[in-house]
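Enquirer: One structure, as structure tokens, below. Some questions next.
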Amino acid sequence: MSRTLLFATDLSQDNRAAFARALRLAYAQGAQLDILHVLDPYLPHRVLHDVESAVNEDISTTLTDLREDYALEAPSLLIQTVVGEPHVEIVREAHERNASLIILGMHRKRGQKDLLLGTTVMRVLRSAPCPVVVASYLPTQPWRHILVPIDFSLTARQTLREALIRFPEATLTLLHAWSLPGERELGSQANFAQWRDHEVERLRGTLDNEIESLMRDLDGVPDVELVLEPGQPCDVLHDYMKRHSPDLVIIGSRGQPQHTSQVAEMLLGEPHCDLMLCRSW
Numbered sequence: 001m002s003r004t005l006l007f008a009t010d011l012s013q014d015n016r017a018a019f020a021r022a023l024r025l026a027y028a029q030g031a032q033l034d035i036l037h038v039l040d041p042y043l044p045h046r047v048l049h050d051v052e053s054a055v056n057e058d059i060s061t062t063l064t065d066l067r068e069d070y071a072l073e074a075p076s077l078l079i080q081t082v083v084g085e086p087h088v089e090i091v092r093e094a095h096e097r098n099a100s101l102i103i104l105g106m107h108r109k110r111g112q113k114d115l116l117l118g119t120t121v122m123r124v125l126r127s128a129p130c131p132v133v134v135a136s137y138l139p140t141q142p143w144r145h146i147l148v149p150i151d152f153s154l155t156a157r158q159t160l161r162e163a164l165i166r167f168p169e170a171t172l173t174l175l176h177a178w179s180l181p182g183e184r185e186l187g188s189q190a191n192f193a194q195w196r197d198h199e200v201e202r203l204r205g206t207l208d209n210e211i212e213s214l215m216r217d218l219d220g221v222p223d224v225e226l227v228l229e230p231g232q233p234c235d236v237l238h239d240y241m242k243r244h245s246p247d248l249v250i251i252g253s254r255g256q257p258q259h260t261s262q263v264a265e266m267l268l269g270e271p272h273c274d275l276m277l278c279r280s281w
């Protein structure tokens, strides 16, 4: 049975990059692409048929334009409209189709962190049964440089596994933000720097062992680089992204429906690249 990717569109210009990315991903993975548009449940019933026809025509036209603009091949496609609340129907379709990935366009609240919580993107991220890609950058090429923030949690391990399996031809940078106890109080002492360097190398060795043990179980793994930088996770990630401009950042979620991590909020509030969020359980 072939895999299914689900792309949900609101038909806006902001969705074009995500639409093109969905086409590229589906064709590259040999998957079927299901294209979904959710209609307003309060539309008068007498206009639904005309609206559905207009939606299908718009999607077909956009599909043709994107294939021509980016020289994209067409995967197996299914276009569908449903009536309901967007986030509910997207999650429902993902469950019913056993989708391996949901692709969404970026929300329209960039730079407005306080307004993120009620967006369709955030609601889908909290409830999706599979990884979710939020795409906002034009897919002129496959994702080449993928950034994965990691720590020692089960969530990070599962997220890294997803990245290794899904993108064997990319270059993965694994970024770990570290801080040591007592640095503020003892940092000026002569022997502190030596102790700090020793602890960081010990940390690197532990992470290397974890990564190697995970990669031994997989075939065709990508090139991997481990980077350790001092600071708080959000600050370290933000600074690294500004310096290195990755194509995609992959983060994990602990599956807490009412909780969104600070890292996810930062990445969605001011996106610098595409984002994938993977639930661990």
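Each step along the sequence shown adds one to the number in full-length UniProt numbering, with nothing skipped, and position 277 is 277. A virtual CB, placed ideally from N, CA and C, is assigned to each residue, including glycine.
For the UniProt domain "UspA" (1-134), which segments carrying the beta strand (DSSP E) assignment without a break, of at least 3 residues, lie completely within its bounds, in sequence order?
Expert: Look at the UniProt domain "UspA" (1-134) and you find these whole runs of beta strand (DSSP E), each 3 residues long or longer: 4-8, 32-39, 77-83, 101-105.
Enquirer: Inspect the CB distances between the segment 34-42 and the segment 127-137 and report whether three or more fall short of 8 Å.
Expert: no
Enquirer: Any idea if Trp143 is buried or exposed, counting beta-carbon neighbours within 10 angstroms, 16 or more meaning buried?
Expert: buried
Enquirer: Taking just the CA atoms, how far does Pro41 sit from Leu125?
Expert: 22 Å
Enquirer: Given this structure, state the Cα-to-Cα distance separating Arg67 from Glu201, to the nearest angstrom.
Expert: 48 Å
Enquirer: Starting from the C-beta of Ile59, find all residues in its chain whose C-beta is less than 8 Å away, skip the five residues before and the five after it, and write them out in chain order.
Expert: Take Ile59, set aside five residues on each side of it, and the residues of its chain with a beta-carbon closer than 8 Å to its own are Thr9, Leu11, Ile35, His37, Ile79, in chain order.
Enquirer: Going by DSSP, what residues sit across from His176 in a beta bridge?
Expert: Leu228
Enquirer: Determine the closest residue to Ala31 out of Ala71, Tyr70, Leu43, Ser76, with distance taken between C-alpha atoms.
Expert: Distance from the Cα of Ala31 is smallest, within the candidate group Ala71, Tyr70, Leu43, Ser76, for Ser76.
Enquirer: At the level of alpha carbons, what is the spacing between Met1 and Glu162?
Expert: Only weak support exists for where Met1 lies, its pLDDT of 47 falling under 50; the coordinates are left without a value.
Enquirer: Between the Cα of Pro129 and those of Met106, Gly105, Pro233, Arg97, spot the shortest distance and give me the residue it belongs to.
Expert: Arg97
Enquirer: Can you tell me where the beta strand (DSSP E) with Asp239 in it begins and where it stops?
Expert: Unbroken run through Asp239 is the alpha helix (DSSP H), 233-244; no beta strand (DSSP E).
Enquirer: Name the residue from Leu275, Pro149, Thr159 whose alpha carbon lies nearest to the alpha carbon of Pro233.
Expert: Pro149
Enquirer: Pull up the distance between the alpha-carbon of Arg157 and that of Ala22, whole angstroms please.
Expert: 26 Å
Enquirer: May I ask you to report which of helix, strand or coil DSSP gives Ser253?
Expert: strand
Enquirer: Inspect the beta-carbon positions of Glu169 and Pro246 and report whether they are closer than 8 Å.
Expert: no
Enquirer: Measure from the alpha carbon of Thr173 to the alpha carbon of each residue in His198, Asp69, Val249, Ala190, then state which is nearest.
Expert: Val249
Enquirer: If distances are taken between C-alpha atoms only, which option among Leu33, Ser253, Gln141, Val47 comes closest to Glu93?
Expert: Leu33
Enquirer: Would you give the residue range spanned by the alpha helix (DSSP H) that Asp197 belongs to?
Expert: 192-215
Enquirer: Along the chain, where does the beta strand (DSSP E) that runs through Val148 open and close?
Expert: 145-149
Enquirer: With DSSP as the reference, identify every bridge partner of Asp223, one or two as the case may be.
Expert: Thr171
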